[in-house]
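Participant: Residue numbers (the UniProt record's numbering), protein chains in the order written: chain A, 1 to 234; chain B, 1 to 234. Take this structure, written in structure tokens, and hold onto it; I'll ask about it next.
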DNA sequence: TACAAACTCTGTACAGCGTACAATTCTGGA
DNA sequence: TCCAGAATTGTACGCTGTACAGAGTTTGTA
């Protein structure tokens, strides 16, 4: 009955699975942020001794990497393979989906940035994005650079956004976020930061989906502006 | 002799200063990355009991915030106030200076992203960038959005870059970085990631200054492309 | 059917972490 | 001179990741 295909070795049956551990870890992460995720808390959540987890993951960093990559794998799989030729729409859908997935688990974002963006699912996402840009007609090298530019923008935005989301509570919607930020911005001294104070209404919306799309649009415009036949600019 | 202006209260003289503590902390950060920075290690570095530091900083997170903002304050102060009207050049200089400062202390980058981008020096930097864009002729709201877009790009790039820099050793130059990455990329399966494999030469240079400037150029192009008279695009 | 090898899990332990608390020492102002 | 207040230390608590030894369970093989 080798369910996984490779169960032909001695030893008692496993009481857990990687899946259960990752789910428990994500639950803790969502409930209390990155610092609520400890080997001991995960073990307690699963009713097991702390060191039992070392059967499944060699160390905490390894667990965290798996957790982060697992999360990246949850980005809608079909988001990047559109049938039509609306590549800007496809990139936009991908950017929205990736941001949404990450912001649904803000505690995972610092872990992602600390663990690196490698891992199979990260690679697969990069490949899919790159493939889309090439199929859109961009020269291969330009597409490669552009895909990194886009990833960079998404992760930078999400990082700044997640950094100010308190753990344990559901993310408020854009209007509430902006209103709260607007209130806080009322406290900044207009004599020392006149420009910032003058545009406080815009600054308050930095974390909104609308600003996110504004930036993405500028980005894609800029990518199209570049000399299409060359791989380097200026 | 009120040196700091506010020394008119009883108690023994302080054996340390915020400056010394921040310097020691940065030394440890540079030597061993974020996990080498502990209250106890900083105290040991200064030859003092761990809890002595609590006279100067209320908690470790407070210390880290101060450290990060102090680092941001080290970005060349004049970088953003050019006399000429070459605003793209000024933004580029700023982007290069900020990246250089952060990558000189890669261990600080995860701390920055975990602590948020507020703090006086972060605010001042944002104000200066915003001011530059407004003086460049961008409408106020567009300038505000653009400044966030630029910051987002810089921090995203730096985050991905710093995540793969090992702590304790000086950062190799671009050529060495790219060569090392190129070698590692040779190991990725071309059948599962054909596009990535095909552009491995470009991918290897993702962390280079050249790619950084390519992306920044696209970004600024895109900002200029947008409808200049309106504050929202779509 | 017995056994040895392989495997999973637990109990215990260690070094390190952030920091709270009480005691000690030092200082300037009244 | 004395006291109020500030700086520092020693001690301690609960937490962390994880190494190690042992016990229990399962398997293929003899």
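A virtual CB, placed ideally from N, CA and C, is assigned to each residue, including glycine. In this text the structure is predicted, and so the values were computed from the model without any measurement.
Is there contact here, the segment 55 to 64 of chain A with the segment 9 to 27 of chain A, by at least three beta-carbon pairs under 8 Å?
Facilitator: The segment 55 to 64 of chain A, when compared against the segment 9 to 27 of chain A, does touch it at the 8 Å Cβ threshold.
Participant: Closer than 9 Å by beta-carbon distance: list the chain B residues that pair up with residue 110 of chain A, in chain order.
Facilitator: Simply 110, 113 and 114.
Participant: Just mark residue 207 of chain B as buried or exposed, buried being the case when its beta carbon has 16 or more other beta carbons within 10 Å.
Facilitator: By the neighbour-count rule (16 or more Cβ atoms within 10 Å), residue 207 of chain B is buried.
Participant: May I ask you to check if the CB of residue 58 of chain A is nearer than 7 Å to at least one heavy atom of the ligand FMN?
Facilitator: Judged by which ligands are present, the structure shown has none, so any question about the ligand FMN falls away.
Participant: My guess is that residue 145 of chain A and residue 202 of chain B are in contact by the Cβ rule of under 8 Å, so how many angstroms apart are they, rounded?
Facilitator: Residue 145 of chain A to residue 202 of chain B, Cβ: 6 Å. Contact.
Participant: Does the pairing of the segment 85 to 105 of chain A with the segment 116 to 124 of chain A give three or more beta-carbon distances under 8 Å?
Facilitator: Touching, no, given that fewer than three Cβ pairs across the two stretches are closer than 8 Å.
Participant: Going by DSSP, what residue range makes up the alpha helix (DSSP H) through residue 121 of chain B?
Facilitator: Taken as a continuous stretch (DSSP letters only), the alpha helix (DSSP H) holding residue 121 of chain B covers 120 to 135.
Participant: What do you get for residue 59 of chain B, buried or exposed, if any count of 16 or more other CB atoms within 10 angstroms of its CB means buried?
Facilitator: So residue 59 of chain B counts as exposed.
Participant: Please work out which residues of its chain come closer than 6 Å, Cβ to Cβ, to residue 161 of chain B, disregarding the five sequence neighbours upstream and downstream, and give them in chain order.
Facilitator: Excluding residues within five positions, the ones whose Cβ falls inside 6 Å are 207.
Participant: Just verifying my parser: in three-state terms, what is the DSSP assignment at residue 232 of chain A?
Facilitator: Residue confidence is low: residue 232 of chain A scores 37 on pLDDT, short of 50, so the model does not pin down where it sits. Its coordinate-derived value is still stated next. Residue state, collapsed to three classes: coil.
Participant: So residue 132 of chain A and residue 80 of chain A are supposed to be a Cβ contact under 8 Å. How far apart are they, rounded?
Facilitator: Sure, about 6 Å apart at Cβ, within 8 Å.
Participant: Taking any Cβ of chain A, which residues in the segment 124 to 154 of chain B have a Cβ under 7 Å from it, in chain order?
Facilitator: Residues 126, 127, 130, 131, 134, 140, 141, 144, 145, 148, 149, 152 and 153.
Participant: By the three-class DSSP mapping on this structure, what secondary structure does residue 50 of chain B have?
Facilitator: The answer is helix: DSSP assigns residue 50 of chain B an H, G or I state.
Participant: Check whether the Cβ of residue 45 of chain B lies closer than 8 Å to any Cβ atom in chain A.
Facilitator: No, residue 45 of chain B does not count as interfacial toward chain A.
Participant: Just the chain B side, please: which residues come within less than 8 Å of residue 218 of chain A by C-beta, in chain order?
Facilitator: Simply 146, 149, 219, 222, 223, 225, 226 and 233.
Participant: Can you name the start and end residues of the alpha helix (DSSP H) that residue 143 of chain A belongs to?
Facilitator: That run of the alpha helix (DSSP H) goes 140 to 163.
Participant: Determine, using beta-carbon pairs with one atom in the segment 27 to 38 of chain B and one in the segment 85 to 93 of chain B, whether at least three such pairs fall under 8 Å.
Facilitator: Verdict: no, contact absent.
Participant: Counting only C-beta atoms, is residue 54 of chain A closer than 8 Å to chain B at any point?
Facilitator: Taking Cβ atoms only, chain B never reaches closer than 8 Å to residue 54 of chain A, which makes this a no.
Participant: What is the rounded straight-line gap between the Cα of residue 126 of chain A and the Cα of residue 112 of chain A?
Facilitator: Cα to Cα, the separation comes out at about 15 Å.
Participant: Buried or exposed, going by whether 16 or more other CB atoms sit within 10 Å of the CB of residue 99 of chain A?
Facilitator: Classification of residue 99 of chain A: buried, given that the 10 Å Cβ count is 16 or more.
Participant: Answer yes or no: does any C-beta atom of chain A fall closer than 8 Å to that of residue 100 of chain B?
Facilitator: Not closer than 8 Å to any Cβ of chain A, the Cβ of residue 100 of chain B fails to qualify, so no.
Participant: Comparing C-alpha positions only, which one of B/196, B/96 and B/75 sits nearest to residue 124 of chain A?
Facilitator: When each option's Cα is compared against that of residue 124 of chain A, the closest is B/196.
Participant: Quick check on the DSSP output: the alpha helix (DSSP H) that includes residue 35 of chain A runs from which residue to which?
Facilitator: Neither: residue 35 of chain A is in no alpha helix (DSSP H) and is coded neither H nor E.
Participant: Applying the 10 Å Cβ sphere with the 16-neighbour rule, what's the burial state of residue 221 of chain A?
Facilitator: Answer is buried; the Cβ neighbour count reaches 16.
Participant: Is residue 259 of chain A close to chain B? Criterion is C-beta to C-beta, closer than 8 Å.
Facilitator: In the structure as shown, chain A starts at 1 and stops at 234, and residue 259 of chain A therefore has no counterpart that could be examined.
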